[in-house]
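In this note's numbering, the protein residues as written are 47 to 901. Just so it is clear, CB atoms sit at the ideal spot from N, CA and C, and this is done for glycine as well. To start, the structure itself, in C-alpha cells.
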Amino acid sequence: MDSNELRRAFGEFFVERGHTQVPSASLIPFDRTVLFTVAGMVPFKRYFLGEEPAPYQRATSIQKCMRAGGKHNDLDQIGQTLRHLTFFEMLGNFSFGDYFKEQAIPYAWELVTSVLGLEPDRLWVTVHTSDDEAAEIWRDSVGVDPGRIQRLEEDNWWQMGDTGPCGPCSEIYYDKGVEYGADGGPAFGSDERFLEIWNLVFMQFDQQSEGDLVPLPKPCIDTGAGLERIVPILQGRPSVFETDLVYPILQEAESLTGRSYGVDHRDDVGLRIIADHSRAMTFLLADGVVPTNEGRGYVLRRIIRRLVLRAQLLGARQQVVERLVTGVIDTMGDAYPELRDRRERILELATREEGRFEQTLAIGAPILNAAIESGEVRGGVAFRLHDTFGVPIELTTEIAQDRGVPVDLEGFQREMTEQRSRSRQAGLGDDEVSEQPTGALWVLESFGKTEFLGYEAEVTVGEIQFVGQEGERVAVYVDRTPFYPEGGGQVGDTGWINAAGFRAKVIDTDQPVQGVIRHWVEVIEGELAVGDSVELVVDAGRRARVRANHTATHLLQWALREVLGDHVAQQGSLVAPDRLRFDFTHWSALSTDEIQQVERLIMGEVVSASGVVTQVKDKETAVREGAIAFFGDQYQDVVRVVHAGDHSVELCGGTHVGSLGEIGLFKVVSEGSIGANTRRIEAVTQLAALDVVHGLERQLDALERVLPGGREALTERVEALVAKNKTLDAELGNLRQEKLRSISRELAAKRNSSWIIERVDGLNGQELRFVALELRRLEGVEVVVLASVVDHKVALVATAIDPELHPANEVLEPVASAVGGRVGPQRELALSGGREVAKLDQALAELRAGSESAK
C-alpha cells in the first residue's frame with residue numbers, strides 16, 4: 047500500500063462510520079501557545095475546550111504537522127534516528143462528546159488489522175495504570191491477548207496544559223522484529239523495535255488549578271496515528287526514509303552530493319537531514335512562512351541553511367534547493383495540490399535564501415574549518431560566524447560536535463552581550479533573534495547591582511529604576527528588593543509590589559545579568575514611573591515552603607553520601623514550594639532499605655531542631671574546610687557557607703530555615719534513573735509530606751476493606767491473591783485452548799476436501815486464527831478459510847500451506863470484499879473482517895464452489 051492509498055483508506059474508513067472529512071489546516075496555527083501545528087488535534091482545540099460549538103460530532107483528518115521550534119522541537123534529533131521528522135502527517139479521528147472508548151478502540155483495531163492488514167501477533171497495546179475500562183475493551187471486546195496489553199504511567203496520560211481537558215490514553219505499538227532490539231513489549235523492550243503507530247486519547251477529565259480531576263460532562267476522543275510510522279510497515283521498509291514518502295527526495299540528495307545511502311553512517315545522517323529538511327522547507331514556504339530572523343521565519347531560515355550546509359559538507363558543488371523542492375512537489379503534490387499551485391513562490395523564496403547564505407558561507411566555511419582543525423571553536427569565532435556570515439550558533443555547534451571539537455559557548459554569549467550593549471548605545475536596539483532580555487544591562491550600567499535584602503527581610507521599600515515591556519510580560523527593576531531571584535536550583539520568589547494607586551502581582555523573579563534582579567509582574571491596577579517609591583512584599587508562606595525544601599536538599603545530599611558513599615555528587619536540583627528534586631551520581635537503583643536509611647538520617651537531624659548557621663568566607667577557605675559546592679551556583683570570591691545542623695556544610699546563595707525543625711517531615715516520593723550513572727530523587731517536606739503519608743494510609747485502608755484481616759497480613763493476602771489469579775488465568779487459558787482444539791477436531795471430522803471453508807460463529811479474530819492454524823496441521827489440507835460473526839461483525843482468516851500456489855490474501859479477498867472488508871498483503875496467513883453479515887454465507891458458498899471447480 048503506497049502513501050496515497052493509506053491516506054485514502056484511512057479517510058474512507060472513518061467517513062463510512064459517520065465522520066466528517068476535514069481538510070488539513072495550515073502549519074501556522076490559530077493557537078498562540080504553539081509555534082506550529084504540532085498535532086492533529088490543534089485545529090480542533092477550541093472545540094475540545096468548549097470555546098466554540100463543534101460543527102460536527104465526528105471528524106477525521108490528515109493533518110500537516112511541524113515540530114521544529116518552541117516547546118515541541120525535534121530538530122536536533124533529525125537524522126540521528128530512523129523515526130524523527132520535523133514535518134510529518136498525522137492521521138486522526140475525533141469525537142466531540144459523541145462516542146468514547148467503546149467505539150474508538152474497536153475502530154482502531156479494525157482499521158490496523160482488517161484494513162491495513164497488520165498481523166495481530168505483531169501488535170502491542172499500552173493503557174494507563176488507572177484505566178481498567180480501556181484494558182477490558184482491548185481484552186474482551188477486541189480480543190487482544192492480555193499478555194500483549196501493558197500498563198504505563200505518565201506515558202499513557204495526556205493533558206492539554208496545566209489545567210483543562212485531560213485523561214488517559216492508549217497506544218498501539220508494532221513489533222518490528224528481533225533484529226531491532228530487545229523483547230519485552232513497549233514497556234520494557236527496545237524503542238527501535240517497538241514502534242508507536244497510534245495514540246488514542248480519552249479526554250474525560252477537567253484538570254483543576256487545585257489539582258482535582260473533575261469528570262467532563264461530554265468525554266471526547268482525540269487520536270493520532272503517524273502516517274510516516276505506518277507506511278514503512280506496509281511497504282516492508284526499515285524506515286520512512288526508504289518509502290515512497292521520502293526516498294525519491296533522498297535519491298535527489300544522493301544525486302546532488304554523490305553519496306550513497308546505506309554505505310556510511312555519517313553520510314546517512316546527512317542525507318536524512320537533507321531529505322527531511324527539504325519537506326519541511328517546502329511545506330513551510332507553501333503555507334506562507336518566509337525566512338526571517340525571528341519566530342517561525344527563524345526556524346525556516348535555520349532549516350534551509352542547515353540543509354544547504356549539510357549538502358555542501360557531503361560534496362554538493364551546485365545549488366541544491368531547486369531540485370530538492372521539485373522532488374518534494376513531485377512526491378507530495380498529489381496529496382497536497384497547494385504545493386503545485388504555489389511552486390513558483392516556493393522556489394523563488396528558497397533559492398533566494400540559498401543564494402544569500404552561499405555568498406557568506408563561501409567566506410565563513412573556511413573560517414569554521416580552520417577553527418575545527420585548531421581543536422576548538424573559540425567564542426569570538428563562533429560569534430563572527432553568526433554575526434557576519436549568518437551561520438547560526440546551533441549549526442556551528444552541530445558541525446563541530448560531528449568532528450569531536452568543542453565550542454566555547456560562554457565566550458560566544460559574552461560577545462553577544464557586548465554587541466547588544468553597543469547596539470543600544472548607538473540607538474539600534476537588540477538583535478531580534480536574541481533571547482537576552484532588554485533592560486538588565488542598562489540597569490547594571492546605570493545604577494549598579496540590585497541590593498538584595500531577602501536574607502533578613504520579606505518586606506521592604508524601594509525605588510523604581512526601570513519598567514519595561516519585555517515580550518508579552520512587564521519587567522520591573524528596583525534599587526533594593528527582598529525577592530530571591532531564581533538560581534542554584536531554587537525557584538524565584540513571588541508576591542506583590544504596591545504603591546499609591548498601584549498594585550501588581552509578582553509572578554516570578556530572576557537575575558538576567560549577574561547582580562541585577564528582575565521582577566516579572568502582572569499589573570492589577572495603576573501605572574509605575576521611574577523614581578516611584580514602592581513596597582515589595584514577598585509571599586511569606588510560599589517562601590517558607592521553599593526554604594524548608596532547600597535546606598532539606600542539603601540534608602539529602604549529606605545523607606546520600608553517608609548511605610551510598612562519597613562518590614555521590616549533585617548533578618542538578620529543583621527547589622520549589624511543593625517539592626524538591628535532587629539529581630546525583632550513582633550507578634544503581636536505591637533499595638527500599640537504602641531509601642529508608644536516608645529518610646531516617648534526615649529525620650534524625652530534623653527532630654534535633656539544630657540551628658542553620660550561615661557564614662561569609664572567601665571561597666578558597668570554605669572549600670578547604672570541607673564545604674561542598676552546590677551544582678548550578680556561580681560562586682564569587684566571597685561565598686555564603688550554610689551549616690545545616692552538625693553535618694551538612696555547603697556553599698549556597700539560597701534561602702534556608704532558621705532551625706532544622708521547621709522542615710517538619712521529610713518523605714521520598716520517587717527514585718529513578720535519568721541517564722547513565724545518574725539518579726533522581728523527588729521528595730516533599732512539611733504538610734506536603736504529611737499529605738503523602740495520608741495518601742498511603744488511605745491506600746492501606748482501601749486494601750484492608752477489600753482484603754479484611756488486619757494490616758499485618760495484607761502483603762501475604764495480596765501475594766496469595768496474585769498467585770491464585772495467575773493459576774486461574776492459566777487454567778482459563780488452557781480451557782479456552784481446549785475449547786478451540788475441540789472446535790478444530792469437529793471441523794476436521796467433517797471435512798471432505800483439501801480446502802476447509804467453514805463458518806464458526808462466536809469466535810474473535812485471535813481465536814479464529816488459532817483454529818485455522820490447528821486445521822492447517824492436518825495431513826492433506828491445502829487451504830483453510832474460516833469466518834465468525836460476533837456482535838454483528840464478521841471476522842475472517844485464511845491460511846495456506848503453499849502461499850505461492852494459493853496466496854492466502856488472494857483466497858480471502860472475494861469473501862472480505864463481500865462483507866465490506868479489505869485484505870492486506872500477507873500471503874501465508876491473511877486476516878480481514880467486515881459488517882455485511884447477510885452476505886457472508888453466499889460468499890463462503892461461492893468460494894467453496896470455486897475451490898471444487900478448480901480441482
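Counting only runs of at least 3 residues, the segment 105-151 fully encloses the following beta strand (DSSP E) elements, listed from N- to C-terminal order: 133-141. By the Cβ criterion, the segment 692-711 is in contact with the segment 648-663, since at least three pairs of Cβ atoms, one from each stretch, lie closer than 8 Å. For F548 and L574, the gap between their C-alpha atoms comes out near 7 Å. Residue state for F76 is assigned as coil, using DSSP reduced to three classes. In terms of Cα proximity to L832, the closest of V861, I847 and R823 is V861. Taking the Cβ atoms as the reference, L582 lies roughly 5 Å from T527, within the contact range of under 8 Å. The segment 323-371 contains, as complete alpha helix (DSSP H) runs of 4+ residues, the segments 341-359 (chain order).
Boundaries for P278: no beta strand (DSSP E) harbours it, while the alpha helix (DSSP H) harbouring it runs L273 to Q281, taken from the DSSP string. The continuous beta strand (DSSP E) containing L620 extends over residues Q616 to V621. For T845, the enclosing beta strand (DSSP E) begins and ends at K839 to A846. In this chain, the beta strand (DSSP E) harbouring G210 covers G210 to D221. In terms of CA proximity to S719, W633 leads the group V752, W633 and L706. S799 and R386 have their C-alpha atoms some 57 Å from each other.
The segment 663-676 makes no contact with the segment 555-570; the number of CB pairs closer than 8 Å stays below 3.
About 14 Å separates the CB atoms of L875 and A841; that is not less than 8 Å, and the two are not in contact. Membership of S878 in the beta strand (DSSP E) is indicated by the continuous run L875 to G880.
One thing to note: T132 has its Cβ within 8 Å of the Cβ of A326.
L601 and F458 have their C-alpha atoms spaced approximately 37 Å apart.
Rounded to the nearest whole angstrom, the C-alpha separation of P284 and E456 is 41 Å. In terms of Cβ geometry, A729 and V714 form a close pair [threshold 8 Å]. DSSP places F234 in no beta strand (DSSP E) but in the uninterrupted alpha helix (DSSP H) bounded by G231 to F234. At a Cβ-Cβ threshold of 8 Å, D221 and R168 count as neighbours.
Counted as a single uninterrupted DSSP element, the alpha helix (DSSP H) harbouring M649 occupies residues T638 to S654. As the crow flies, the alpha-carbon of L246 is around 31 Å from that of I727. Per DSSP, H632 has no beta bridge partner at all.
If you draw a 10 Å sphere on the C-beta of Y93, you find 16 or more other C-beta atoms in it, and that means buried. For K713, the uninterrupted beta strand (DSSP E) segment begins and ends at F712 to G721. By the Cβ test, the segment 835-852 is in contact with the segment 869-886, since at least three Cβ pairs between them sit closer than 8 Å.
Here F248 really is in contact with F146; their C-beta atoms are around 7 Å apart, less than 8 Å. The Cβ atoms of A180 and I151 lie closer than 8 Å to each other. Around T506, the same chain offers L499, R526, T527, P528, E581 and L582 as residues with beta carbons nearer than 8 Å, after the five sequence neighbours per side are excluded. Three or more Cβ pairs closer than 8 Å define a contact, and the segment 294-314 falls short of that threshold against the segment 50-66.
If you keep only unbroken beta strand (DSSP E) runs of at least 3 residues inside the segment 549-630, you get 562-571, 579-584 and 616-621. Residue burial is scored here from C-beta neighbours: G230 has fewer than 16 other C-beta atoms within 10 angstroms and is therefore classed as exposed. For G572, the closest alpha carbon among the candidates L851, R591, T555 and N544 is that of N544. The segment 744-789 contains no complete beta strand (DSSP E) run of 3 or more residues.
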